[in-house]
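Report on the structure given below.
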Amino acid sequence: MKKFFGLILALIAVLLMMPFVMASSTPTIVMSSSSGHDVGDTVTLTISFDYGDKKIKSMAMDSFTYDKNVLKLKSLNWEISGLLTSANPDGDSMIAFASASKVSGVVMKAEVEVVGRSDDLTQEITFNAIITPETGSNMNVAVTSGVITIKPEEVPGDIDGDDQVTDSDAIYLMYYTFFPDDYPINQNCDFDGDGEVTDSDAIYLMYYTFFPDDYPLPE
Ligand SMILES: [Ca+2]
Ligand SMILES: [Ca+2]
C-alpha cells in the first residue's frame, strides 16, 4: 500500500512538472520593441533565442515582413559566431555551428529606419525562424514580433495635440508660461522669434488664429 501511494505521488509530481519540462523544450525567439521614435530615426532591435539547455546545430530566419512605407530594415547582424553565417535583411539569414551548441540570449541585432507613419503609429515586424536541433529534424520556432511605435507628427501651433490650431492652444500656452510643469509643450513655442517663450507668444498664436497670413508660424 505504501508503495502504491509512493507511486501515485511520483506520478502527480511528474504531471506537475510537465508544463515546465514542455516549456523549456520549445524553442522561442523574441524580437524587442521600441517606442517614441520620429521619422528618420534608426532603431536597433534585438532578436533573442531560448531553448533551455538544448543544443542546436543551426538556425535560419526569413520573411521579415512589415509595411515598407513605415519602416526599412537596413541590416541584420549575427551577435553570435558560427562556422557559416550569412545575414540578409531582404532575404534569408542563417548560422551553422561546427558542432551542436547551446545558444541563448541575443543572437541577432536588426537596424530599422523609421521612414513614415502608419495610421495607428505602430508597426509590427514579423518573420519566420527554423532551427536544426542536435537530434531530429528541423523545427519551426515560435516568434514574438517586434513593434516600433512612432511619435505623432507635430502640427506647428497645435500645443494641446488635438490636430487643430485654435484659441485653446493660445490659452494653453498662456497657462504654460505660469505653470510649465502642469502644461508641458510639445514643440518650440517661440512663435514671435525673440528667443524666449513668453506670454507674447501666446498672444502671437491667438492672432494667428484670426490672421494666419499676417502671423505665420515656423514650419
Ligand atoms: Ca490644438
Ligand atoms: Ca517668444
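In the working numbering, the protein residues as written are 50 to 268.
Just so you know, even glycine gets a beta-carbon here, dropped at the ideal spot from N, CA and C.
Computed from a predicted structure; not experimentally measured.
Check: Any non-hydrogen atom of ligand 2 closer than 7 Å to Asp239 Cβ; Outcome: yes
Check: Exposure of Tyr224, with buried meaning 16 or more beta-carbon neighbours within 10 Å; Outcome: exposed
Check: Span separating the alpha-carbon of Pro201 from that of Leu120; Outcome: 15 Å
Check: Contiguous alpha helix (DSSP H) assignments of at least 4 residues, all confined to the stretch 178-264; Outcome: 216-227 and 248-259
Check: Distance cut-off 7 Å: Asp218 Cβ against heavy atoms of ligand 2; Outcome: no
Check: Close Cβ partners of Ile208 (< 6 Å) along its chain, the five nearest in sequence each way excluded; Outcome: Asp218, Tyr221, Leu222 and Ile234
Check: Backbone CA spacing between Ser186 and Gly195 [nearest angstrom]; Outcome: 27 Å
Check: Close beta carbons around Phe98, own chain, < 6 Å, minus the five adjacent residues each side; Outcome: Ile78, Val152 and Val156
Check: Ser249: CB within 7 Å of a non-hydrogen atom of ligand 2; Outcome: yes
Check: Cβ neighbour criterion (16 or more within 10 Å) applied to Leu122; Outcome: buried
Check: Residue span of the beta strand (DSSP E) that contains Glu160, given as start and end; Outcome: Gly154 to Val163
Check: Reference Ser130, options Ile197, Gly85 and Met143, closest by Cα; Outcome: Met143
Check: Leu254 versus Thr171: straight-line alpha-carbon distance, rounded; Outcome: 31 Å
Check: Limits of the unbroken beta strand (DSSP E) element including Asn126; Outcome: Leu120 to Trp127
Check: beta-carbon Gln172 near ligand 3 non-hydrogen atom, thresh 7 Å; Outcome: Ligands present in the displayed structure are limited to ligand 1 and ligand 2, and ligand 3 is not among them.
Check: First through last residue of the beta strand (DSSP E) which encompasses Gly131; Outcome: First-last for Gly131: undefined, no H or E at that position.
Check: Closer than 7 Å: Thr215 CB and nearest ligand 1 heavy atom; Outcome: yes
Check: Under the three-state DSSP convention, the category Val92 falls into; Outcome: strand
Check: Range of the contiguous beta strand (DSSP E) that encloses Gly85; Outcome: Ser83 to His86
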